[in-house]
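J.: Next up is a structure, given as structure tokens.
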Amino acid sequence: MAFHVEGLVAIVVFYLAILAVGIWAAWKTKNTGSEGDRSEAIIVGGRDIGLLVGGFTMTATWVGGGYINGTAEAVYVPGYGLAWAQAPIGYSLSLILGGLFFAKPMRSKGYVTMLDPFQQLYGKRMGGLLFIPALMGEMFWAAAIFSALGATISVIIDINVNISVIISALIATMYTLVGGLYSVAYTDVVQLFCIFLGLWISVPFAMSHPAVTDIGLTAVRPVYQAPWLGSINSLDIYTWLDNFFLLTLGGIPWQAYFQRVLSSSSATYAQVLSFLAAFGCIVMAIPAVLIGAIGASTAWNQTDYGVPDPKSKKEADMILPIVLQYLCPVYISFFGLGAVSAAVMSSADSSILSASSMFARNIYQLSFRQNASDREIVWVMRITVLLFGASATAMALLASSVYGLWYLSSDLVYIIIFPQLLCVLFIKGTNTYGAIAGYLFGLVLRITGGEPYLYLQPLIFYPGWYQDDNNLYIQRFPFKTLAMLTSFFTNVIVSYLAKYLFESGTLPPKLDFLDAVVARYSREHMDKATLVKSDNIVLNELAPVNPRHSLTLSSTFTNKEAFNYVDSSPELSNTEDN
Numbered sequence: 000m001a002f003h004v005e006g007l008v009a010i011v012v013f014y015l016a017i018l019a020v021g022i023w024a025a026w027k028t029k030n031t032g033s034e035g036d037r038s039e040a041i042i043v044g045g046r047d048i049g050l051l052v053g054g055f056t057m058t059a060t061w062v063g064g065g066y067i068n069g070t071a072e073a074v075y076v077p078g079y080g081l082a083w084a085q086a087p088i089g090y091s092l093s094l095i096l097g098g099l100f101f102a103k104p105m106r107s108k109g110y111v112t113m114l115d116p117f118q119q120l121y122g123k124r125m126g127g128l129l130f131i132p133a134l135m136g137e138m139f140w141a142a143a144i145f146s147a148l149g150a151t152i153s154v155i156i157d158i159n160v161n162i163s164v165i166i167s168a169l170i171a172t173m174y175t176l177v178g179g180l181y182s183v184a185y186t187d188v189v190q191l192f193c194i195f196l197g198l199w200i201s202v203p204f205a206m207s208h209p210a211v212t213d214i215g216l217t218a219v220r221p222v223y224q225a226p227w228l229g230s231i232n233s234l235d236i237y238t239w240l241d242n243f244f245l246l247t248l249g250g251i252p253w254q255a256y257f258q259r260v261l262s263s264s265s266a267t268y269a270q271v272l273s274f275l276a277a278f279g280c281i282v283m284a285i286p287a288v289l290i291g292a293i294g295a296s297t298a299w300n301q302t303d304y305g306v307p308d309p310k311s312k313k314e315a316d317m318i319l320p321i322v323l324q325y326l327c328p329v330y331i332s333f334f335g336l337g338a339v340s341a342a343v344m345s346s347a348d349s350s351i352l353s354a355s356s357m358f359a360r361n362i363y364q365l366s367f368r369q370n371a372s373d374r375e376i377v378w379v380m381r382i383t384v385l386l387f388g389a390s391a392t393a394m395a396l397l398a399s400s401v402y403g404l405w406y407l408s409s410d411l412v413y414i415i416i417f418p419q420l421l422c423v424l425f426i427k428g429t430n431t432y433g434a435i436a437g438y439l440f441g442l443v444l445r446i447t448g449g450e451p452y453l454y455l456q457p458l459i460f461y462p463g464w465y466q467d468d469n470n471l472y473i474q475r476f477p478f479k480t481l482a483m484l485t486s487f488f489t490n491v492i493v494s495y496l497a498k499y500l501f502e503s504g505t506l507p508p509k510l511d512f513l514d515a516v517v518a519r520y521s522r523e524h525m526d527k528a529t530l531v532k533s534d535n536i537v538l539n540e541l542a543p544v545n546p547r548h549s550l551t552l553s554s555t556f557t558n559k560e561a562f563n564y565v566d567s568s569p570e571l572s573n574t575e576d577n
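At position 358 of the sequence shown the residue is numbered 357 (numbering that gives the first Met the number 0), and the sequence of numbers has no breaks.
Here you go:
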């Protein structure tokens with residue numbers, strides 16, 4: 000394949016435009032936030048993201064390279080088809096459920112990151128444990144989409160994969176570094192527009208290629224392969240449901256989502272943004288579905304691609320850029336490539352910012368440096384943006400199973416964080432003992448279920464398992480959802496059991512080593528006094544609370560139960576006097 004100078008120029012121009020928008024957004028909003036809350040302005044955009052920009056940035060976070068490439072691949076692959084392209088419906092329902100049940104309580108309580116309520120209720124140690132799967136999910140997701148972008152660019156303009164990955168990562172990291180959520184949000188507007196325009200422009204040209212058969216015919220009749228509408232075998236129905244619940248429910252507890260929710264100007268706006276993004280995800284999936292259908296309807300031996308076809312060459316995951324390359328005019332394929340790279344960066348920048356936000360606030364500030372200045376937190380965020388961006392790039396270049404690692408980490412988000420989020424927001428009375436037990440039970444059940452992408456063999460063989468052609472064990476049983484439910488009920492049961500044992504006197508108070516039941520007012524349990532002193536609590540959504548001495552109350556946790564302790568806890572009084 001020849002080196003395409005025009006394609007390289009098109010990509011360079013696009014990347015420079017995105018970088019310029021990111022830097023402009025950072026400059027435009029550099030004075031947003033007072034001297035004391037610049038870090039919060041970077042994390043949640045000063046809580047003044049409007050409906051238009053908010054809707055675009057939330058949609059662009061989900062409509063990434065994996066989303067459009069994966070949807071096209073699922074539609075194209077024989078034996079799967081549209082019936083197995085679950086991401087558009089799954090993520091849209093995820094956003095609707097998030098808007099209905101999770102956006103309002105999270106935004107109305109004034110949290111800054113997704114991990115805030117966990118640290119508030121369960122303590123900083125549990126917050127640190129939950130940071131691990133959250134970080135893994137964000138980092139492996141960024142690495143996977145960087146890897147996909149490198150392969151896509153190399154297909155169309157034939158440049159070195161490593162160079163394309165490094166340059167793309169540098170651009171995304173740079174504007175995230177200088178502007179935080181503002182830069183990410185404004186570049187998302189441009190990127191989403193490019194995705195929509197680029198893919199929709201490509202579809203008519205690809206569909207009108209002489210080698211392409213009517214996709215309406217190939218949807219229901221086998222021509223070059225099985226119909227692209229696909230079907231679900233009775234043996235696979237439980238696997239389909241397991242994956243569907245993973246996308247729908249497991250798509251909620253991500254910092255990238257809640258960062259947009261918490262940046263909204265009100266709880267109502269947060270809900271509306273979720274609903275707008277759900278609609279946007281469906282709309283943006285349509286051209287990807289059509290491109291997958293076009294790939295399944297093409298006589299590849301009549302194109303420059305030749306034989307065998309992409310699935311026989313094991314390039315089904317690259318069907319979208321292959322369609323752009325071989326079924327569209329050169330200038331159209333380059334424009335479509337810009338759309339793909341836009342999709343990748345719109346998700347990668349969000350993941351990098353999400354990971355650095357959680358580390359700077361929930362690990363560095365609330366766990367180790369409660370008295371850190373706002374300037375210090377800002378610099379920690381900038382350093383971690385660089386580190387996490389470099390780490391995601393290194394994984395994209397070096398790891399051979401990036402997608403396998405991401406699948407496993409996203410499973411952990413679903414199995415561990417989702418049930419914990421349910422408990423912390425909606426189940427009154429759960430405590431740290433239940434949270435730890437639920438965490439461990441969910442983790443063990445997921446790991447022992449195996450992971451084919453990582454060649455991790457199962458230790459527990461659920462009903463319906465089988466061995467594929469590569470001697471890998473495949474579980475048909477919905478063990479991921481079983482692990483999630485086990486984690487949830489374990490948290491509730493152990494929490495109430497611990498509460499009963501300590502409050503009934505069956506266990507002596509000295510055994511409450513986590514200060515979760517008897518010593519509920521201890522500094523380790525909540526660090527409430529420190530949080531209040533650090534200007535981290537906003538009470539505008541609650542009944543008035545009388546401040547003590549020179550204490551000021553202005554910007555984060557607003558859980559009523561949390562503040563009921565302030566007047567009655569001698570330890571908090573002593574802390575304040577210090």
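Each residue gets a CB set at the ideal place from its N, CA and C atoms; glycine is no exception.
Assign L506 to one of three DSSP states: helix, strand, or coil.
T.: Taking the sequence shown and counting its residues from 1, one reaches residue 506 at position 507. Coil at L506, not helix or strand.
J.: Which of the three DSSP states, helix, strand or coil, is assigned to Y465?
T.: Counting from one through the sequence shown, the residue named residue 465 turns up at place 466. The answer is strand: DSSP assigns Y465 an E or B state.
J.: If I'm right that L129 touches Q419 with Cβ under 8 Å, what's the distance once you round it to whole angstroms?
T.: The count along the sequence shown starts at 1 and reaches residue 129 at position 130. The count along the sequence shown starts at 1 and reaches residue 419 at position 420. Contact holds; Cβ gap of about 6 Å.
J.: With 16 as the cutoff for other CB atoms within 10 Å, does T247 come out buried or exposed?
T.: Here residue 247 refers to the residue found at position 248 when the sequence shown is read from its first residue. T247 should be labelled buried.
J.: List the residues that DSSP assigns as beta-bridge partners of T429.
T.: Counting from one through the sequence shown, the residue named residue 429 turns up at place 430. Note: T429 sits in no beta bridge, so no partner.
J.: Consult DSSP for Y79 and reduce its assignment to one of helix, strand or coil.
T.: Position 80 of the sequence shown, counted from the first residue, corresponds to residue 79. DSSP places Y79 in coil when its eight states are reduced to three.
J.: Measure the C-alpha to C-alpha separation of A347 and S355 and round it to an integer number of angstroms.
T.: Here residue 347 corresponds to residue number 348 of the sequence shown, with the count starting at 1. Here residue 355 corresponds to residue number 356 of the sequence shown, with the count starting at 1. Taking the straight line from one Cα to the other gives about 13 Å.
J.: Using the three-state DSSP reduction, which class does R547 fall into: helix, strand or coil?
T.: Counting from one through the sequence shown, the residue named residue 547 turns up at place 548. At R547 the pLDDT is 37, less than 50, meaning the model places this residue with poor confidence and gives no usable figure here.
J.: Tell me whether F556 is buried or exposed, calling it buried when 16 or more other Cβ atoms sit within 10 Å of its Cβ.
T.: Stepping through the sequence shown from its first residue, residue 556 is reached at position 557. For F556, the predicted structure reports a pLDDT of 40, less than 50, and the residue's modelled location is therefore unreliable. The matter cannot be settled from this model.
J.: In chain order, what residues of the same chain lie with their CB nearer than 7 Å to the CB of F417, ignoring the 5 residues before and after it?
T.: Here residue 417 refers to the residue found at position 418 when the sequence shown is read from its first residue. L248, G249, I251, P252 and M483.
J.: Give the DSSP bridge partners of V211, in chain order.
T.: Numbered from its first residue, the sequence shown carries residue 211 at position 212. Answer is T297.
J.: Please report the residue range of the alpha helix (DSSP H) in which N161 lies.
T.: On the sequence shown, residue 161 is found 162 positions in, with the first residue counted as 1. Unbroken alpha helix (DSSP H) run through N161: V160 to M206.
J.: Where does S533 sit, in a helix, a strand or coil, going by DSSP?
T.: Position 534 of the sequence shown, counting from 1, holds the residue named residue 533. Its pLDDT being 38, under 50, S533 is placed unreliably by the model, and the measurement read from it follows with that caveat. The answer is coil: DSSP assigns S533 none of H, G, I, E or B.
J.: Check whether the Cβ atoms of W227 and V74 sit closer than 7 Å, and answer yes or no.
T.: Locating residue 227 in the sequence shown gives position 228, where the first residue counts as 1. Locating residue 74 in the sequence shown gives position 75, where the first residue counts as 1. Against a cut-off of 7 Å, the Cβ pair of V74 and W227 comes out as a contact.
J.: With a threshold of 6 Å on Cβ separation, who are the neighbours of T529 within its own chain once the five nearest residues in sequence on each side are excluded?
T.: On the sequence shown, residue 529 is found 530 positions in, with the first residue counted as 1. Model confidence at T529 stands at a pLDDT of 43, short of 50, so the residue's coordinates are unreliable and nothing is read from them.
J.: Taking the runs of the alpha helix (DSSP H) that are 4 residues or longer, which of them lie wholly in the region 61-113?
T.: List check, alpha helix (DSSP H) in window: 64-75, 86-96 and 102-107.
J.: May I ask you to report which of helix, strand or coil DSSP gives L385?
T.: Sequence index remark: in the sequence shown, residue 385 carries index 386 (1-based). Here L385 sits in helix by DSSP.
J.: Look up Y472 in the DSSP assignment and say whether it is helix, strand or coil.
T.: Counting from one through the sequence shown, the residue named residue 472 turns up at place 473. Three-state DSSP puts Y472 in a strand.
J.: By how many angstroms is the C-alpha of V377 removed from the C-alpha of V391?
T.: Sequence index remark: in the sequence shown, residue 391 carries index 392 (1-based). Sequence index remark: in the sequence shown, residue 377 carries index 378 (1-based). A small fix is needed here, since residue 391 is Ala in this sequence, not Val. Straight-line Cα distance between these residues: approximately 21 Å.
J.: Going straight from the alpha carbon of P104 to that of R445, what length do you get?
T.: Reading the sequence shown from its first residue, position 105 is the one you call residue 104. Reading the sequence shown from its first residue, position 446 is the one you call residue 445. P104 and R445: Cα-Cα distance of roughly 29 Å.
J.: Please state whether DSSP places L455 in a helix, a strand or coil.
T.: For the purposes of this step, residue 455 is taken as the residue at position 456 of the sequence shown. The answer is strand: DSSP assigns L455 an E or B state.
J.: Compare the C-beta of N300 with all C-beta atoms of chain D and state if any pair is closer than 7 Å.
T.: The question asks about chain D, but that chain is absent: this structure has only one protein chain.
J.: So the alpha helix (DSSP H) W239 belongs to, where does it begin and stop?
T.: Along the sequence shown, one-based indexing puts residue 239 at 240. Per DSSP, W239 belongs to the alpha helix (DSSP H) from I236 to G249.
J.: Starting from R368, trace the alpha helix (DSSP H) in both directions and tell me its first and last residue.
T.: As a position in the sequence shown, residue 368 is number 369, starting the count at 1. No alpha helix (DSSP H) contains R368, which DSSP labels as neither H nor E.
J.: Using CA atoms only, rank isn't needed, just tell me which of L7, A276 and G127 is closest to V188.
T.: As a first step, residue 188 must be located in the sequence shown, where it is residue number 189. Comparing Cα positions, the closest option is A276.
J.: Cα separation between Q364 and G122?
T.: Here residue 364 refers to the residue found at position 365 when the sequence shown is read from its first residue. Here residue 122 refers to the residue found at position 123 when the sequence shown is read from its first residue. If you take the alpha carbons of Q364 and G122, they lie about 13 Å apart.
J.: I want to know whether the region 89-103 touches the region 331-341 - three or more CB-CB distances under 8 Å.
T.: Touching, no.
J.: Here's the rule I'm using: 16 or more other beta-carbon atoms within 10 Å means buried, otherwise exposed. How should S167 be labelled?
T.: Translated into the one-based positions of the sequence shown, residue 167 becomes position 168. Buried is the call here.
J.: Going along the chain, which residues of its own chain have a beta-carbon closer than 8 Å to the beta-carbon of Y472, five neighbours each way excluded?
T.: Taking the sequence shown and counting its residues from 1, one reaches residue 472 at position 473. So the list reads G449, P451, Q456, P457, F460, W464, Y465 and Q466, once near-sequence residues are dropped.
J.: Give me the Cα-Cα distance between A143 and W405, rounded to the nearest whole angstrom.
T.: The sequence position of residue 143 within the sequence shown is 144, counting from 1. The sequence position of residue 405 within the sequence shown is 406, counting from 1. Each residue's alpha carbon lies about 7 Å from the other.
J.: Do the region 54-64 and the region 205-220 touch if we need at least three Cβ pairs shorter than 8 Å?
T.: Cβ pair count under 8 Å is below three, so no.
J.: Could you tell me the distance, in whole angstroms, from the CA atom of L50 to the CA atom of L191?
T.: In the sequence shown, counting from the first residue as 1, residue 50 sits at position 51. In the sequence shown, counting from the first residue as 1, residue 191 sits at position 192. Approximately 15 Å between the Cα atoms of the pair.
J.: Opposite S263 in the DSSP bridges: which residues?
T.: If you number the sequence shown from 1, residue 263 lands on position 264. DSSP lists I48 as partners of S263.
J.: Say whether the region 432-442 touches the region 489-505, bearing in mind that this needs 3 or more beta-carbon pairs closer than 8 Å, one atom from each stretch.
T.: Yes, since at least three Cβ pairs between the region 432-442 and the region 489-505 fall closer than 8 Å, the two stretches touch.
J.: Whether or not the region 422-438 and the region 159-175 are in contact is what I'm after, with contact meaning three or more pairs of Cβ atoms, one per stretch, closer than 8 Å; do they touch?
T.: Because the criterion of three Cβ pairs below 8 Å is not met, the region 159-175 and the region 422-438 do not touch.
J.: Once DSSP output is grouped into helix, strand and coil, what is the label at E137?
T.: As a working note, residue 137 is residue 138 in the sequence shown. Helix at E137.
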